[in-house]
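Mind the numbering: the sequence shown is residues 1 to 445 in full-length UniProt numbering, read in order. Some notes on the structure that comes next.
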Amino acid sequence: MKKILSFLLVLTLLWGCTRKQPEIQFSSRQISQVLAQMTDIMVHDVTNPPLAARFFSYACLAGYEIVAQNDSSSQSMHGILNKYPKIEKPQISGYSYQLSALLAMMETAKKMQPSGTLVEKYEQRFLDSCRRENISEEVITASLTYAQAISKNVLAYAKADKYNRISNYPRYTPTNQEGAWYPTPPGYFAPVEPYFNTVRSFTLDTCSQFKPAPPVAFSKEKSSEFYKLMQESYQEGVLLPKDHQDIAAFWDCNPFALQDNGHMLVGMKKISPGAHWLGITGIACQQAKVPFAKAMQINTLVAISLMDGFISCWDEKFRSNRIRPETAIRKYIDPRWKPLLQTPPFPEYLSGHSTISSAAAVVLTHYLGDNFKYNDTVEVRFGLPAREFKSFQQAADEAGISRFYGGIHFRDAIDNGRLQGLQVGEWVVNKVNKKANPLVVAEAK
1 MKKILSFLLV LTLLWGCTRK QPEIQFSSRQ ISQVLAQMTD IMVHDVTNPP LAARFFSYAC
61 LAGYEIVAQN DSSSQSMHGI LNKYPKIEKP QISGYSYQLS ALLAMMETAK KMQPSGTLVE
121 KYEQRFLDSC RRENISEEVI TASLTYAQAI SKNVLAYAKA DKYNRISNYP RYTPTNQEGA
181 WYPTPPGYFA PVEPYFNTVR SFTLDTCSQF KPAPPVAFSK EKSSEFYKLM QESYQEGVLL
241 PKDHQDIAAF WDCNPFALQD NGHMLVGMKK ISPGAHWLGI TGIACQQAKV PFAKAMQINT
301 LVAISLMDGF ISCWDEKFRS NRIRPETAIR KYIDPRWKPL LQTPPFPEYL SGHSTISSAA
361 AVVLTHYLGD NFKYNDTVEV RFGLPAREFK SFQQAADEAG ISRFYGGIHF RDAIDNGRLQ
421 GLQVGEWVVN KVNKKANPLV VAEAK
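This is the structure in structure tokens:
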């Protein structure tokens, strides 16, 4: 009898030692929660739109690298993204790769964002919630160690993208040339990121790879094409149909917006357009029940398309250096005219919303399909009602035209921004699928 009991005890111990613990499962929701926390900190820091895309991209890349090292359906970005290093998988056991991926996003964000200490606090709250779900301290420690190792490599990759050199460049000074951009009220801010085209892109061969057609030439002549553009914007601002006002407000996404309280200007604290599109990505992934690994990939590629879209767009903005409707219309048509939205502090052509929205929509359409109906609730927590869309491209087109309705862009900047965004988005998708051949977007012909 003693021998039988001893044998059963040994079997029990062996089974206990060899039994594999069930893999800890997270979902796309947790990815979106990390990005939402980053967004809140960007609102706090008044992070400009191109820089916000940079933060999102590297945080997502850190998470995706861990996914690629552990999920056979995912591939590393080494050999795909410009100068992306080969990152060795650290010799660590006992981790949850999904937990590590989320922590890698946080570890990267807290080192890159100015108010990174707020990410640190969020990370601690997140880990406390993991403990309440009975994730062991051993798994948490191993997962965090793994995350920190990968984040360190991604941060080194980020440091080499030349963004940090921008502070050494001469301060950008607006010209007094007629038709050129000049700071606008109420803040009269200096231009945002005039040297952003010097930052290393993720997929582009050059910042001017998808250089658009030049803007309609400036002219004060009433018979000119430019004067017609001014008149069109002026009339839109005078009529201001209610549905146009709603669309403009929904897509405003201007971190620099100020409210005049009579004796002082107060920041409105709005999210960036890139944050809005990553919010859409989260909504779509949850609606489609996209698994964690695939959701990390989609978020990463949307973020990359935003970054490369901003680089392409900003390259043109500071090449054409075109005057904003607010400045032109007040000077040449009606000095009392005001746009519905506050004009962002950078040149007019191209429309950044049009470019990055179209680029993100291409990526989302590639992975989730055309005619993907969804309810956009991203701005609800900022006091705006949800809007329904039949496809990502419909949303992108509405984001673009919202800038015309808001009185801050001329029509050609929107149309050509859309074309550039389509090209950037297709390039990103093809590059990641190792099909980066010169392409022509049908609508760009």
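Ideal Cβ placement from N, Cα and C applies to all residues, glycine included. Since the model is a prediction, treat every value here as computed from it, not as a measurement.
{"Item": "Length of the line joining the Cα atoms of Ile329 and Met230", "Value": "6 Å"}
{"Item": "Any alpha helix (DSSP H) of 4 or more consecutive residues that is wholly inside the stretch 22-82", "Value": "28-45, 49-70"}
{"Item": "According to DSSP, residues forming a beta bridge with Tyr374", "Value": "Phe389"}
{"Item": "Whole-angstrom distance between Glu107 and Tyr163, CA atom to CA atom", "Value": "19 Å"}
{"Item": "Burial state of Asp71 (16 or more Cβ within 10 Å)", "Value": "buried"}
{"Item": "Local conformation of Lys434 per DSSP, three classes", "Value": "coil"}
{"Item": "CB-CB length for Gly187 against Pro273, believed under 8 Å", "Value": "With 8 Å as the limit, Gly187 and Pro273 do not qualify as a contact, their Cβ atoms being about 18 Å apart."}
{"Item": "DSSP-derived helix/strand/coil call for Arg322", "Value": "strand"}
{"Item": "Under 8 Å between C-beta atoms of Ser100 and Tyr146", "Value": "yes"}
{"Item": "Thr343 versus Pro255, Phe392, Thr365, Asp308, residue with shortest Cα-Cα distance", "Value": "Pro255"}
{"Item": "Lys435 to Asn197 span [Cα, whole Å]", "Value": "Caution is warranted here: a pLDDT of 48 is assigned to Lys435, below 50, making its placement in the model unreliable, and no coordinate value can be reported."}
{"Item": "Separation of Ile333 from Leu81, as counted between CA atoms", "Value": "47 Å"}
{"Item": "Distance between beta carbons of Gly425 and Ala359, contact taken as under 8 Å", "Value": "4 Å"}
{"Item": "Simplified DSSP state of Ala395, which is helix, strand or coil", "Value": "helix"}
{"Item": "Rounded straight-line distance, which links the Cα of Phe310 to that of Tyr195", "Value": "11 Å"}
{"Item": "Supposed contact pair Gln91 and Tyr55 - C-beta distance, whole angstroms, cut 8 Å", "Value": "It is worth fixing the name first, because residue 55 is Phe in this sequence and not Tyr. The Cβ separation is near 30 Å, so there is no contact."}
{"Item": "Exposed unless 16 or more other CB atoms sit within 10 angstroms - verdict on Ser73", "Value": "exposed"}
{"Item": "Rounded straight-line distance, which links the Cα of Glu23 to that of Phe7", "Value": "For Phe7, the pLDDT reaches just 38, beneath the cut-off of 50, and the residue's location in the model is therefore unreliable, although a value from the coordinates is still provided. In a straight line, the C-alpha of Phe7 is about 30 Å away from that of Glu23."}
{"Item": "Close beta carbons around Asp45, own chain, < 6 Å, minus the five adjacent residues each side", "Value": "Pro114, Ser115"}
{"Item": "Three-state secondary structure (DSSP) of Ala360", "Value": "helix"}
{"Item": "Closest Cα partner of Val384 within the set Trp181, Ala248, Lys211", "Value": "The sequence shown places Leu at residue 384, not Val. Cα-wise, what sits closest to Leu384 is Ala248."}
{"Item": "CB contact flag (Gly421, Ser354, <8 Å)", "Value": "yes"}
{"Item": "Beta-carbon gap between Val192 and Pro345 smaller than 8 Å", "Value": "yes"}
{"Item": "Residue range of the unbroken alpha helix (DSSP H) whose run includes His276", "Value": "273-287"}
{"Item": "Alpha-carbon spacing of Asn416 relative to Trp251, whole angstroms", "Value": "19 Å"}
{"Item": "Proximity below 8 Å, CB of Ile87 to CB of Glu65", "Value": "yes"}
{"Item": "Segments assigned alpha helix (DSSP H), at least 4 residues, entirely inside the stretch 191-254", "Value": "225-239, 242-250"}
{"Item": "Bridge partners - Ala180, DSSP secondary structure assignment", "Value": "Arg322"}
{"Item": "Touch test, the stretch 288-307 against the stretch 152-160, Cβ-Cβ under 8 Å, three pairs minimum", "Value": "no"}
{"Item": "Secondary structure of residue 459, DSSP reduced to three states", "Value": "Given that the chain is displayed from residue 1 to residue 445, the structure contains no residue 459 and the question cannot be resolved."}
{"Item": "Simplified DSSP assignment, three categories, for Lys86", "Value": "coil"}
{"Item": "Pick from Pro347, Leu364, Ser201 that is closest to Phe392, judged by C-alpha positions", "Value": "Leu364"}
{"Item": "Terminal residues of the alpha helix (DSSP H) in which Thr108 lies", "Value": "97-112"}
{"Item": "Where Thr175 falls, given that 16 or more other Cβ within 10 Å makes a residue buried", "Value": "exposed"}
{"Item": "Alpha-carbon to alpha-carbon, Thr206 and His244", "Value": "36 Å"}
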